[in-house]
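A.B. asks: In the working numbering, the protein residues as written are 35 to 385.
Backbone N, C-alpha and C fix where the C-beta goes; we use that ideal spot for every residue, glycine too.
Sharing a structure here in structure tokens format.
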């Protein structure tokens, strides 16, 4: 398996790997083994470091002013993967009604933003601070990636990782004693939204959970996410709050991390835990179905938050961020997202 992964890394440049949207890096590693049912992602330290170092090239790609309301600086990639940084005009609400009726959404709050220019194309209660459930895990992934920790380090789940938060227990298909490396923990937290994995990532962070949560809030302030506050890393606690506007900023920032792009959009993966194989599917039906070009995805649900989803997509050659908070059901969330994506696909390429 290690030999196969080494050959894969030599045969495909990192720029090509991270530019793929339909197949995740994890899938490529899995398929290279020739035996998908036994695929266990156990990268070498050097492989994981290469991925993280590649991400560092884009660290300053999205720069939001401290107030979070002036300009959005975006790095776009040409066909040859050469970064081109452009400073867009101030983020503003754009009148798109003249292009046809806007779709109504079930969600309490919604945002569609042009990820290249920062223009807000669709807006509903975008500044309303709401519980965000497992959308929290997107910031968990950013903090984990920023720390540049050894992604091959094994982490064993402890009973405390299943204790839950905010008075909620953590239901999971994982068990105390299960061991994965840090990369696998991040993958299962993003694609399958496993709460114990997100808890373990915080527990094993330098300084522990308190330092991790402090880093989450510091990152939010750095990005200009003014209505956002985190109290833990999983999203089970309803005191994790944010607004659609703030999450639009977070998604734009997270899209610069190749590790997060690949892991959050992995449709299916089999985790080899040694004594059993944990077959896992992405929590976003739009990712599983593969009908849209989705670059970042994270879903969330607790009673207080309703059904939530954030995505970075490319529609009709337009990079777009979609945020939905507080939909009543999973189907309503999927319908909202599909309606908004279809609506964007019929807009002129640039307004």
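Please report how far the alpha carbon of residue 322 lies from the alpha carbon of residue 299, in whole angstroms.
C.D. replies: Each residue's Cα considered, the two are about 9 Å apart.
A.B. asks: Counting Cβ pairs closer than 8 Å, one from the segment 186–206 and one from the segment 148–162, do we hit at least three?
C.D. replies: no
A.B. asks: Check each candidate in 255, 269, 327 and name the one with the smallest Cα separation from residue 376.
C.D. replies: 327
A.B. asks: Grab the span of the beta strand (DSSP E) containing residue 289 for me, first residue to last.
C.D. replies: Element bounds for residue 289: n/a, residue is neither H nor E.
A.B. asks: Taking the straight line between their C-alpha atoms, what separation do you get for residue 243 and residue 135?
C.D. replies: 46 Å
A.B. asks: DSSP beta-bridge partners for residue 306?
C.D. replies: 311
A.B. asks: Taking DSSP as the reference, what is the three-state secondary structure of residue 214?
C.D. replies: Three-state DSSP puts residue 214 in a strand.
A.B. asks: Could you tell me the boundaries of the beta strand (DSSP E) in which residue 388 lies?
C.D. replies: Residue 388 is absent from the structure shown; the chain starts at 35 and stops at 385.
A.B. asks: Helix or strand or just coil, what does DSSP make of residue 283?
C.D. replies: Helix.
A.B. asks: Just the Cα atoms here: how many angstroms apart are residue 234 and residue 382?
C.D. replies: It is roughly 45 Å from the alpha-carbon of residue 234 to the alpha-carbon of residue 382.
A.B. asks: Considering only C-alpha positions, which residue in the set 347, 305, 342 is nearest to residue 360?
C.D. replies: 342
A.B. asks: Look at the alpha carbon of residue 220 and the alpha carbon of residue 173, and state the distance between them as a whole number of angstroms.
C.D. replies: Counting only the Cα atoms, residue 173 lies some 11 Å from residue 220.
A.B. asks: I need the straight-line Cα distance from residue 281 to residue 357, nearest angstrom please.
C.D. replies: 7 Å
A.B. asks: From the DSSP output, which residues share a beta bridge with residue 345?
C.D. replies: 331, 356
A.B. asks: Please report how far the alpha carbon of residue 285 lies from the alpha carbon of residue 146, in whole angstroms.
C.D. replies: 11 Å
A.B. asks: Should residue 283 go down as buried or exposed, given a rule of 16 or more other Cβ atoms within 10 Å for buried?
C.D. replies: buried
A.B. asks: Which of the three DSSP states, helix, strand or coil, is assigned to residue 158?
C.D. replies: Residue 158 falls in the strand class under three-state DSSP.
A.B. asks: Going by the DSSP bridge assignment, what does residue 202 pair with across the sheet?
C.D. replies: 199
A.B. asks: Given a cut-off of 7 Å, decide if residue 294 and residue 175 are closer than it, judged by their beta-carbon atoms.
C.D. replies: yes
A.B. asks: Spatial neighbours of residue 313 within its chain, please: CB distance less than 7 Å, with the 5 preceding and 5 following residues excluded, ordered by chain position.
C.D. replies: 304
A.B. asks: If residue 386 sits next to residue 169, beta carbons under 8 Å apart, how far is it from one beta carbon to the other, in whole angstroms?
C.D. replies: As shown, the chain starts at 35 and ends at 385. That puts residue 386 outside it, with no answer to give.
A.B. asks: Give the secondary structure of residue 165 by DSSP, where H, G and I count as helix, E and B as strand, and everything else as coil.
C.D. replies: strand
A.B. asks: Within 10 Å of its beta-carbon, does residue 248 have 16 or more other beta-carbons around it, so buried, or fewer, so exposed?
C.D. replies: exposed
A.B. asks: Name, in chain order, the residues that DSSP records as bridge partners for residue 249.
C.D. replies: Per DSSP, residue 249 has no beta bridge partner at all.
A.B. asks: What does a CB cutoff of less than 6 Å around residue 263 pick up in its chain, not counting 5 residues either side in sequence?
C.D. replies: 275
A.B. asks: If contacts are defined as beta-carbon pairs under 8 Å, then residue 318 and residue 348 qualify, I think. What distance do you get, rounded to the angstrom?
C.D. replies: Not confirmed; about 16 Å, so no contact.
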